[in-house]
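>
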């Protein structure tokens, strides 16, 4: 059974640009969450999607957005990139929303903003 | 504010001995706690969890203890093996707000010395 797949694995952008990251959850998983990992802040929750609807949102500015498609694949977008957006962006999937938080993470997309 | 804290950034333990990783939390709404393990260049993987109605959960070499009155949990690894060398993240879930919205600590890097 394939795991959570994230693309691209690495990317470099400059300030002011925008970026789109993609996540394919484990087959059959309907909930997709996104987390940002930075050395100073650890892993921080960005948002969660279930059945193409955002169900939960963390404390990030509106420059961070996401969506989920009917096949449960998800994308997140960051507009007007800032240096502080440099981070590892992790996607996690789970079978349904009522589970106990045992998320399955992808390997992440490492974004560097210059 | 940091609702989940892992005060030890690193821990070094000899192979075969016990490893104890600690975690403190401040939000009394948290009712489910998890430990994740992360190797370099990989996403976090779920290790063990505990519900707030329990004070201990065991899975092979791994045991998690929860002290609700102290808002403290710990992960014990016995005996420690070289393959246990990784970064360990403590996470808490306010399940009423959605199990996917995990709040993570900043991680403890565990090194097992042969």
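Protein chains in written order, with our numbering: chain F, 1 to 114; chain U, 1 to 114.
Cβ coordinates follow ideal geometry from the N, Cα and C atoms, glycine included.
Owing to the predicted nature of the structure, the values given are computational and were not obtained by experimental measurement.
Check residue 114/F in the structure and name its three-state DSSP category.
In the structure shown, residue 114/F sits in coil (DSSP, three-state: anything other than H, G, I, E or B).
> Using a Cβ-Cβ cutoff of less than 8 Å, which residues in the same chain neighbour residue 64/F once the five nearest sequence positions on both sides are dropped?
So the list reads 46, 47, 76, 77 and 78, once near-sequence residues are dropped.
> Short check: CB of residue 43/F to CB of residue 92/U, under 9 Å?
Not in contact: residue 43/F and residue 92/U (Cβ atoms no closer than 9 Å).
> Decide yes or no for the touch test of the stretch 84–91 of chain F against the stretch 60–68 of chain U: beta carbon pairs closer than 8 Å, at least 3 of them.
Segments in contact, no.
> Start and end of the beta strand (DSSP E) containing residue 75/U?
That run of the beta strand (DSSP E) goes 72–77.
> Which residue marks the beginning of the beta strand (DSSP E) containing residue 109/U, and which one marks its end?
Unbroken beta strand (DSSP E) run through residue 109/U: 108–113.
> Going by DSSP, what residue range makes up the beta strand (DSSP E) through residue 69/U?
From DSSP, residue 69/U is part of no beta strand (DSSP E); its letter is neither H nor E.
> Quick one: which residues of the stretch 20–34 of chain U get their C-beta closer than 8 Å to a C-beta of chain F? List them in chain order.
For the stretch 20–34 of chain U, which is checked against every Cβ of chain F, the residues closer than 8 Å are 32 and 34.
> Against residue 105/F, what residues of chain U qualify as contacts under a CB-to-CB distance less than 9 Å, listed in chain order?
Within chain U, the residues near residue 105/F are 36, 38, 42, 43, 44, 45 and 46.
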